[in-house]
Each structure stands twice: as structure tokens, then as C-alpha cells.
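With this note's numbering, the residue at position 83 of the sequence shown is 147, and numbering never jumps. Note that the Cβ used here is the ideal one computed from N, Cα and C, for glycine as well. First up is the structure itself, then whatever we jot down about it.
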Amino acid sequence: MSDITREIRPPQRPSRNGPRFRMMRIIVALMLREMATTYGKSAGGYVWAVLEPVLGVALLSLIFSLALNRPGLGTNFPLFYATGFLPFAMFNDITNKVASSIRFSRPFLAYPSVTFIDAMIARVLLNALTHTVVIAIVFVGIYVIFQLPVVVNLAPVLESLLLVTLLAVGVGTLNCYLMTAFPIWERIWQILTRPLFLMSGIFFTFDLMPPQAQNLLWYNPLIHCVGLMRQGIYPTYQGSYINPEYVIGISVTLLLLGLMLLERRHRDLLER
65 MSDITREIRP PQRPSRNGPR FRMMRIIVAL MLREMATTYG KSAGGYVWAV LEPVLGVALL
125 SLIFSLALNR PGLGTNFPLF YATGFLPFAM FNDITNKVAS SIRFSRPFLA YPSVTFIDAM
185 IARVLLNALT HTVVIAIVFV GIYVIFQLPV VVNLAPVLES LLLVTLLAVG VGTLNCYLMT
245 AFPIWERIWQ ILTRPLFLMS GIFFTFDLMP PQAQNLLWYN PLIHCVGLMR QGIYPTYQGS
305 YINPEYVIGI SVTLLLLGLM LLERRHRDLL ER
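And the structure:
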């Protein structure tokens, strides 16, 4: 028998010049840049990020508490409207941020090492984390201020946030191409999405709508995301209409279509 000697080498650490490490540095740099430009270098920008949804929920609660005896679920108006308004605000903001990724990061995309995917990932991560923290702060504040019993199922809540983010990324990626290639699409999109505020279950639950409206509103993916959020906050809420697979299918289809168009045309779009 011949002796076979094997050289045992220690596992190599990822090179600081490797593509993965370089991509991480680029994404972090883009996130820091957006933090400075969006929220400013003072704490006031972050305070407003929390105050804006709080004021929105407070206004809805005040208006509808004057007209209704009780909300669609439970007895607390701020909690009910927060479960609808906060996912919608998260979707709307991330969608717009992803859609404007190329325009926002155009100076950096001139460098070969920076891609439009880096710009998108940076905006998604920063804004998804920001909204998640804001939502947690608002919910904790409502429970503490109104002394509500905390009976929360975190699994549907987290699933709702993930689906909202995925849907926003899909819609935003396709809009990133359309808005950059056809600037008029931005105005058209704003007009088309105005009814979403009324059609996403913020003011009502899907179950309370007449069958004719349910047959139409079911195809709005945000209805399912809001339903999941309420399923986690209200333990007795069933939400039998909720279909996460439908939301995932719509999101992935739009994402792949948007990435395909951007991969083919992003160089031309940078020159516009």
C-alpha cells in the first residue's frame, strides 16, 4: 500500500476584494447615503418617520370614531386602523423608493462596480427595516397607552410584513423600468393607485363587504397582506380568504418581468 498524504489546508476567509464583500460594501455605502439624504444628519428626520404614521392612524381613528360606535374588529379604533394603514404605507413607500432607484443613484451607477441591483437592494433593506421598526413602535405605543391586553401571534404579523415587502419590490422593480423609460407613467401610476387606499381593507374587513365587492377586491394583493396582519393582532380573526401564494405569485412575476426589462435596457435608461 502506498502512503497517500493529503494536504490539509485551513478554510480560506472571504477576500476583502472578492465580489461578495465588494457588493456588501457598495450596498452599505448606498444605504448610508440614503439615510443622510432622506432622514438627515439629525434625529429630527427619524422622529418624523415615526410621527407621520402615528398622525395618520390618529386622524383616521378620530374621524371614524365620531361616525361609528366600534371599529370592524375589537373595540380600539387606533389598533384597528393601524393594522390596515401601516402595511399600506409600507407598501406605498417601498414601491416608490424602488421605482426611483435608478434616478436616485444615477451618479453612482456610472461606476462599473455599482449596478442597479445594488441600488435596489440598498433601498429595499433600509426602508423595509425602517418601516418594521416604526410599525413595532406604533403597536407597542398603542398597547401601552390604551392598556390593551397583549395577545399577538407574531408569525402572521411577520409573514404580512414579508409579503408587503415582496409585493412592493415586485411592483417597484417593474415601475423602475416604466417610470424611467416613460416618465408619463409616474403620473398615470399615481392616478391608478389612488383607489388602493380605499380598496385595501384599511377602513373595513374583507368579510363585511357584500359578495359582489369581495369577488373584485380579492384580486387586490394588499387585501391579503392586511388580513394577515389582522390575523396576528386579533387572535379570533380567521381571514379564510387570505391566500399568501397568490401574493407571492403576483410579486415574483412582476419582479422577474421588471428585472428582465432593466437588464436589457438599464444602460440606455442611464443616458436619458
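Taking 6 Å as the limit between beta carbons, can you name the residues of its chain near residue i, skipping five residues before and five after?
i: Arg-70; result: Legend: pLDDT at Arg-70 = 47, less than 50; position of this residue unreliable, value from coordinates given subsequently. Excluding residues within five positions, none has a Cβ falling inside 6 Å.
i: Gly-322; result: Thr-237, Leu-238 and Tyr-241
i: His-330; result: Phe-180
i: Lys-55; result: Absent from the model: residue 55. The displayed extent of the chain is 65 to 336, so no value can be given.
i: Arg-328; result: none
i: Gly-303; result: Gly-291 and Gln-295
i: Met-243; result: Ala-163, Trp-249 and Glu-250
i: Ser-169; result: Ala-183
i: Phe-172; result: Val-178
i: Ser-129; result: Phe-141
Please confirm whether residue i and residue j have their CB atoms less than 7 Å apart.
i: Ile-287; j: Leu-281; result: yes
i: Gly-148; j: Gly-265; result: yes
i: Val-228; j: Thr-159; result: no
i: Tyr-305; j: Phe-270; result: yes
i: Leu-325; j: Ile-166; result: no
i: Leu-292; j: Glu-223; result: yes
i: Ser-125; j: Pro-142; result: yes
i: Pro-299; j: Val-215; result: yes
i: Asp-182; j: Ile-248; result: no
i: Leu-226; j: Thr-196; result: no
i: Tyr-301; j: Arg-294; result: yes
Where do the N-terminal and C-terminal ends of the alpha helix (DSSP H) with residue i fall, by residue?
i: Val-163; result: Here the sequence assigns Ala to residue 163, which means Val is not the residue at that position. From DSSP, the alpha helix (DSSP H) with Ala-163 extends over 141-163.
i: Phe-172; result: 170-173
i: Ile-266; result: Careful: Ile-266 lies outside any alpha helix (DSSP H) and carries neither H nor E.
i: Phe-210; result: Run containing Phe-210: none; DSSP gives neither H nor E here.
i: Asn-239; result: 218-245
i: Pro-285; result: 285-297
i: Asn-279; result: 275-281
i: Leu-256; result: 248-257
Which residues in the same chain as residue i place their Cβ atom closer than 7 Å to its Cβ, once the five residues preceding and following it in sequence are excluded?
i: Leu-190; result: Met-95, Glu-98 and Met-99
i: Ala-113; result: Tyr-103, Thr-194 and Val-198
i: Leu-319; result: Val-233, Gly-234 and Thr-237
i: Leu-272; result: Gly-136
i: Phe-246; result: none
i: Pro-259; result: none
i: Phe-144; result: Pro-135, Gly-136, Leu-137 and Gly-138
Since I believe residue j is in contact with residue i (beta carbons under 8 Å), could you give me their beta-carbon distance rounded to a whole number of angstroms?
i: Ala-146; j: Ile-206; result: 6 Å
i: Asn-140; j: Leu-212; result: 6 Å
i: Ala-153; j: Pro-117; result: 6 Å
i: Val-316; j: Cys-289; result: Not really, about 15 Å apart at Cβ, beyond 8 Å.
i: Arg-86; j: Ser-164; result: In fact, because the Cβ distance is near 24 Å, the residues do not count as touching under 8 Å.
In chain order, what residues of the same chain lie with their CB nearer than 8 Å to the CB of residue i, ignoring the 5 residues before and after it?
i: Ala-219; result: Gly-296
i: Ile-314; result: Leu-231, Gly-234 and Pro-285
i: Ile-72; result: Residue placement at Ile-72 is flagged as unreliable, the pLDDT there being 48, under the threshold of 50; a coordinate-derived value is accordingly withheld.
i: Pro-308; result: Glu-223, Leu-227, His-288 and Leu-292
i: Thr-122; result: In the sequence as presented, Thr is not what sits at residue 122; that position holds Ala. If we look at Ala-122 and ignore the five residues flanking it on each side, its Cβ neighbours are Pro-142.
i: Phe-261; result: Phe-152
Can you determine whether any heavy atom of the ligand FAD sits closer than 6 Å to the C-beta of residue i, and answer yes or no?
i: His-288; result: With respect to the ligand FAD, the structure shown offers nothing to examine, as it has no ligands at all.
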